[in-house]
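*Asks:*
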Amino acid sequence: MNDFIIKVKNQLFEYYNTLAAVFPQIVLGIVILILTFFIAHQLKRLTNRRVKKKAKDPLLASFIGQFIRFIVITFGLVIVLGIIGLGDAASKILAGAGITAFIIGFAFKDIGENFLAGILMAFKRPFSIGDIIETNSVKGKIIGLNLRETIVKTFDGKDVYIPNGIIIKNPLFNLTIDGFLRQEFIIGIEFDNRISEAFKLLEETVSKIDGVLIDEKKPLVLLDDLGTSSINLIVQFWIDTFNTTNSAAKIKSEVMHACITALAKNNFYMPGNVMELKNYKETNLTTSAKSIEK
Numbered sequence: 003m004n005d006f007i008i009k010v011k012n013q014l015f016e017y018y019n020t021l022a023a024v025f026p027q028i029v030l031g032i033v034i035l036i037l038t039f040f041i042a043h044q045l046k047r048l049t050n051r052r053v054k055k056k057a058k059d060p061l062l063a064s065f066i067g068q069f070i071r072f073i074v075i076t077f078g079l080v081i082v083l084g085i086i087g088l089g090d091a092a093s094k095i096l097a098g099a100g101i102t103a104f105i106i107g108f109a110f111k112d113i114g115e116n117f118l119a120g121i122l123m124a125f126k127r128p129f130s131i132g133d134i135i136e137t138n139s140v141k142g143k144i145i146g147l148n149l150r151e152t153i154v155k156t157f158d159g160k161d162v163y164i165p166n167g168i169i170i171k172n173p174l175f176n177l178t179i180d181g182f183l184r185q186e187f188i189i190g191i192e193f194d195n196r197i198s199e200a201f202k203l204l205e206e207t208v209s210k211i212d213g214v215l216i217d218e219k220k221p222l223v224l225l226d227d228l229g230t231s232s233i234n235l236i237v238q239f240w241i242d243t244f245n246t247t248n249s250a251a252k253i254k255s256e257v258m259h260a261c262i263t264a265l266a267k268n269n270f271y272m273p274g275n276v277m278e279l280k281n282y283k284e285t286n287l288t289t290s291a292k293s294i295e296k
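Residues in the sequence shown are numbered from 3 upward in steps of one, following my numbering.
Written as structure tokens, this is what we have:
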């Protein structure tokens, strides 16, 4: 029994001596690790601020900042492992990083796909914040970007988080990449109305609305279709989304209201649907209507 106690004491004493020998290295390693995370965080913030200021690209700034943070933390961990006497372990970790990344990437395919798509989009993408896009049945304004997803606010106020992998793999329509956005609507007038005068009146009316372009892209009125009871005209006009404070929907509403008012003032009539009934058997038809007194 005494021999067992002596062996335990000797073993504990040996552990104590070993811990006492490496304790300064452990403390130094912890301090360096804390400094590493602090420096990495500060460099990330500094990089984000500088890149956003010069390139005005939040996604690129985020990617560069996170990449620098990853590099700094990796080197810090290697230094810490070397200080506490685990240099061989650090070498093995670095050597196995490629295999580990492959295994993790295979296990989390979708996450890895979105992350890689975010890296690609950080350097080259067909839109920027504020653009109006349409992709994968989602249409709205870009309000946020990160390495995993793109945030779109639809016109009914919903925030849609689209994984970057979906954006990379699907067709994307950028409706405002150059700032120009075309709007159009159809308006019908009677067949016996003065068509040429209606064209001129509508073009002049649209040109007077604030926010509608009248120089490089002029308003245009075209004959769209011959309906059963009306001649349908299509009214087209352009908006510069970079130089207007009103939304495209509001400008379109103002244009439509102005066109309806102008046609009414100039005696152009906009008929409703007309239904024609024919009695081929020449039988007497009777109609009845019931009124409900309130």
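Cβ coordinates follow ideal geometry from the N, Cα and C atoms, glycine included.
Going by DSSP, name the residue or residues bridged to Gly190.
*Replies:* Partner(s): Asn234.
*Asks:* Taking the straight line between their C-alpha atoms, what separation do you get for Glu192 and Ser231?
*Replies:* 7 Å
*Asks:* Might you give, ordered along the chain, the residues of its own chain that have their beta carbon closer than 8 Å to the beta carbon of Asn176, omitting 5 neighbours on each side?
*Replies:* Pro128, Phe129, Asp133, Ile134 and Ile135
*Asks:* Using 8 Å as the threshold, is the stretch 203-214 in touch with the stretch 157-177, meaning 3 or more CB pairs across them?
*Replies:* The way I'd put it, the stretch 203-214 doesn't touch the stretch 157-177; fewer than three beta-carbon pairs between them come closer than 8 Å.
*Asks:* Does the stretch 36-52 touch the stretch 65-83, meaning 3 or more C-beta pairs lie closer than 8 Å?
*Replies:* yes
*Asks:* Indicate the three-state DSSP secondary structure (helix, strand or coil) for Ser293 in the structure shown.
*Replies:* The predicted position of Ser293 is uncertain, since its pLDDT is 45 and thus under 50; no value can be drawn from it.
*Asks:* CA-CA distance, Ala124 and Phe270?
*Replies:* 54 Å
*Asks:* Rounded to whole angstroms, what is the Cα-Cα separation between Glu16 and Gly84?
*Replies:* Approximately 23 Å, taken between the alpha carbons.
*Asks:* For Lys254, which residues from the same chain have a beta carbon less than 6 Å from its beta carbon, with the 5 sequence-adjacent residues on both sides left out?
*Replies:* Gln185
*Asks:* Can you tell me which of Ile236, Met258 and Arg196 puts its alpha carbon nearest to the alpha carbon of Asp227?
*Replies:* Put simply, of Ile236, Met258 and Arg196 the residue whose alpha carbon is nearest the alpha carbon of Asp227 is Ile236.
*Asks:* Are the beta-carbon atoms of Gly78 and Ile34 separated by less than 8 Å?
*Replies:* In this structure, Ile34 lies closer than 8 Å to Gly78 by Cβ.
*Asks:* If the criterion is Cβ atoms closer than 8 Å, does the pair Pro60 and Leu118 meet it?
*Replies:* It is not a contact, given that the beta carbons lie outside the stated cut-off.
*Asks:* Write down the C-beta distance between Ile153 and Phe65 rounded to the nearest angstrom, noting that I regard them as a contact closer than 8 Å.
*Replies:* Wrong, their Cβ atoms sit about 16 Å apart, outside the cutoff.
*Asks:* Would you call Ile189 buried or exposed, if buried means 16 or more other Cβ atoms sit within 10 Å of its Cβ?
*Replies:* Flag for Ile189 reads buried.
*Asks:* On the criterion of 16 or more Cβ atoms from any shown chain inside 10 Å, does Lys296 qualify as buried, or is it exposed?
*Replies:* Legend: pLDDT at Lys296 = 42, less than 50; position of this residue unreliable, value from coordinates given subsequently. Lys296 comes out exposed.
*Asks:* Does DSSP put Leu37 in a helix, a strand or coil?
*Replies:* helix
*Asks:* Answer with buried or exposed for Phe239, where buried requires no fewer than 16 other C-beta atoms within 10 angstroms of its C-beta.
*Replies:* buried
*Asks:* Can you say whether Asn172 is buried or exposed, counting buried as having 16 or more other CB atoms within 10 angstroms of its CB?
*Replies:* The residue in question, Asn172, is exposed, as its Cβ has fewer than 16 Cβ neighbours within 10 Å.
*Asks:* Just to confirm before moving on: does the CB-CB distance between Ile197 and Ile241 stay below 8 Å?
*Replies:* no
*Asks:* Alpha carbon to alpha carbon, how far is Val140 from Glu115?
*Replies:* 20 Å
*Asks:* In or out: Leu225 buried (at least 16 other Cβ within 10 Å) or exposed?
*Replies:* Taking all protein chains in view, the Cβ of Leu225 is surrounded by fewer than 16 other Cβ atoms within 10 Å, so the residue is classified as exposed.
*Asks:* On the DSSP letters alone, give me the boundaries of the alpha helix (DSSP H) that Lys267 sits inside.
*Replies:* Ala250 to Lys267
*Asks:* List the endpoints of the continuous alpha helix (DSSP H) containing Val208.
*Replies:* Ile197 to Ser209
*Asks:* Can you give the Cα-Cα distance for His259 and Ile179, rounded to whole angstroms?
*Replies:* Distance between the alpha carbons of His259 and Ile179: 28 Å.
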